[in-house]
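K.L.:
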Amino acid sequence: MQILIATSNPHKVDEIRAVIGDAPVELLTLDALPNRIDEPVEDQDTFEGNAVLKARYYAKASGMLCIADDSGLEVDALHGEPGIRSARYSHTDGPRAQRDAANSLTLLKNLGDTPIEKRTARFVCAMALVDGRNTCDNDEPVAVVRGTLEGRILTIDEADDPAHPERGRGSHGFGYDPIVFVPDLNKTVAQLTPDEKNAISHRGDAVRKIWSNAERTLRVSS
Ligand code: ITT
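Residues 0 to 221 (numbering that gives the first Met the number 0) are what the sequence shown spells out, left to right.
1) Candidates D75, N49 and N102: which alpha carbon is nearest G167's?
2) Just curious, the beta strand (DSSP E) that D44 is in, first and last residue?
3) Would you list the one or two residues that DSSP bridges to E149?
4) Any heavy atom of the ligand ITT closer than 6 angstroms to the Cβ of N197?
5) Going along the chain, which residues of its own chain have a beta-carbon closer than 6 angstroms to the beta-carbon of N49, five neighbours each way excluded?
6) Assess, as a yes-or-no matter, whether the stretch 138-152 is touched by the stretch 109-126 under the definition of 3 or more beta carbon pairs within less than 8 angstroms.
7) By how many angstroms is the C-alpha of A67 removed from the C-alpha of A58?
8) When the distance is taken between beta carbons, is T216 closer than 7 angstroms to V129?
9) Measuring CA to CA, which of L27, N185, Y175 and H171 is closest to D194?
10) For T6, name the three-state secondary structure that DSSP assigns.
11) Could you check whether R145 and A162 sit closer than 7 angstroms to each other, using their CB atoms as the reference points?
12) Relative to the C-alpha of D156, which residue among V188, S85 and P114 is closest?
13) Let's test the definition: count the other Cβ atoms within 10 Å of the Cβ of D204 and tell me whether it reaches 16, buried, or not, exposed.
14) Does R55 come within less than 7 angstroms of chain D when only Cβ atoms are used?
15) With a threshold of 16 other CB atoms inside 10 Å of the CB of S221, please say whether the residue is buried or exposed.
16) Note down, one range per segment and in chain order, each alpha helix (DSSP H) of at least 4 residues found wholly within the stretch 26-98.
17) DSSP on L128, reduced to helix/strand/coil?
18) Measuring only the C-alpha atoms, how far is P33 from Q97?
19) Starting from V206 and walking both ways along the alpha helix (DSSP H), at which residues does that stretch end?
20) Given H201, which residues of its chain have a CB within under 7 angstroms of its CB, disregarding the five upstream and five downstream residues?
21) Give every residue of the same chain whose Cβ lies closer than 7 angstroms to the Cβ of L52, excluding the five residues on either side of it in the sequence, and list them in chain order.
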C-alpha cells in the first residue's frame, strides 16, 4: 500500500518517515510522483482547515491515500502570531533556510524585551488523512488530528551569538527550532537529536495519532 505525504518541506517528510517508516507501506513524496501537481492556495484560517484542504486536494489529484499537515508556532505575547502565517511571517522570498532565519528574526524583534515568563509559545501541527482511492468522490477526511509542543522563545541574550539571535542555539531541525526552548529538557528544539524531537514534538504526536487511526480504519499495516 502507498501513502502520499503531501508536503514540499523535506524536513517534515523525514520526521513523518521516522515515525511510521517501518510499517509495511510505501511513503511517497510529491517529488516522487510522475506528474507535477501545482500547489493549492492555503486560504483557511485554522491549521486544521488548511491540513484538510491540502489532503483533499492532493488525494483527489493523485487518486491516492494522502496525509497532509499544516503547522506553525503560536506565541502568547503576540496573541497567537505567527500561527497559520508561520511559513511566511517575514514576507521574505528565497531558499528555505533564508526564509526560516528571516522569520525567526522577525519574531524576536516583535517580541522585543518581553520578559522570560511571558515568552511562552507552542508548536502546533494539524494533520489530515484523506482517501483519494475511492470512486464515489467521498473526500471526507478519514482522520484529522492535532499535536502540540509547549515551550518558550529564547531571549536575544540567550542565543549563542547575540549578533545573530535568529541562529538561536543548536543546529538540528528547521524553521523556528533554534529559538524555541523546551524548559523540561533545558534545550532548544534545535539541540535535540531527530529521535528526541520526534518523541516530544507536535508533528511526532500528530503522526502517531493519525497512524493509529489509519491502522484501525484502513488496516494499512495488514
Ligand atoms: P508545506 O506547506 O509544503 O508542508 P511548509 O514548510 O510551508 O511546507 P507549513 O505551511 O505547515 O509548511 O508552514 C509551517 C511553518 O511553521 C514552517 O515553515 C516553519 O517555519 C514552522 N514550523 C512548523 N513545524 C515546525 C517545526 O517542527 N520546527 C520548526 N518550525 C516549524
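C-beta: ideal position from N, C-alpha, C; glycine also.
P.N.:
Taking the coordinates as given:
1) Position 168 of the sequence shown, counted from the start, is the residue given in the question as residue 167. Considering only alpha carbons, the answer is N102.
2) Residue numbering aside, residue 44 sits at position 45 when the sequence shown is read from its first letter. Run containing D44: none; DSSP gives neither H nor E here.
3) Residue 149 sits at position 150 when you count from the first residue of the sequence shown. E149 pairs with R121.
4) Along the sequence shown, read from residue 1 onward, the residue named residue 197 stands at position 198. Every heavy atom of the ligand ITT is 6 angstroms or more from the Cβ of N197, so no.
5) Walking along the sequence shown from the start, residue 49 turns up at place 50. So the qualifying residues of the chain are E41, Q43 and D69.
6) yes
7) For the purposes of this step, residue 58 is taken as residue 59 along the sequence shown, with counting starting at 1. For the purposes of this step, residue 67 is taken as residue 68 along the sequence shown, with counting starting at 1. Taking the straight line from one Cα to the other gives about 9 angstroms.
8) By 1-based counting over the sequence shown, the position of residue 129 is 130. By 1-based counting over the sequence shown, the position of residue 216 is 217. No.
9) What you label residue 194 is simply residue 195 of the sequence shown in a count that begins at 1. If we check each option's Cα against that of D194, H171 comes out closest.
10) For the purposes of this step, residue 6 is taken as the residue at position 7 of the sequence shown. Coil at T6, not helix or strand.
11) Stepping through the sequence shown from its first residue, residue 162 is reached at position 163. Stepping through the sequence shown from its first residue, residue 145 is reached at position 146. Cβ distance not < 7 angstroms, so A162 and R145 don't count as in contact.
12) As a working note, residue 156 is residue 157 in the sequence shown. Comparing Cα positions, the closest option is P114.
13) For the purposes of this step, residue 204 is identified with residue 205 of the sequence shown, where counting begins at 1. So D204 ends up on the buried side.
14) Protein chain content of the structure displayed is limited to a single chain, and chain D is not contained in it.
15) The count along the sequence shown starts at 1 and reaches residue 221 at position 222. Per-residue confidence for S221 stands at a pLDDT of 45, beneath the threshold of 50, marking its modelled position as unreliable; the derived number appears in the next sentence. Classification of S221: exposed, given that the 10 Å Cβ count is below 16.
16) 46-61
17) Your numbering for residue 128 matches position 129 in the sequence shown. Shown here, L128 sits in a strand according to DSSP, grouped into three states.
18) The residue labelled residue 33 in the question sits at position 34 within the sequence shown. The residue labelled residue 97 in the question sits at position 98 within the sequence shown. The alpha-carbon atoms of P33 and Q97 are separated by roughly 29 angstroms.
19) Position 207 of the sequence shown, counting from 1, holds the residue named residue 206. Counting along the chain, the unbroken alpha helix (DSSP H) around V206 starts and ends at H201 to L217.
20) In the sequence shown, residue 201 corresponds to position 202, counting from 1. Cβ neighbours of H201 beyond the five flanking positions: S70, F122, V123, C124, G146, T147 and L148.
21) Counting from one through the sequence shown, the residue named residue 52 turns up at place 53. So the qualifying residues of the chain are P39, E41 and Q43.
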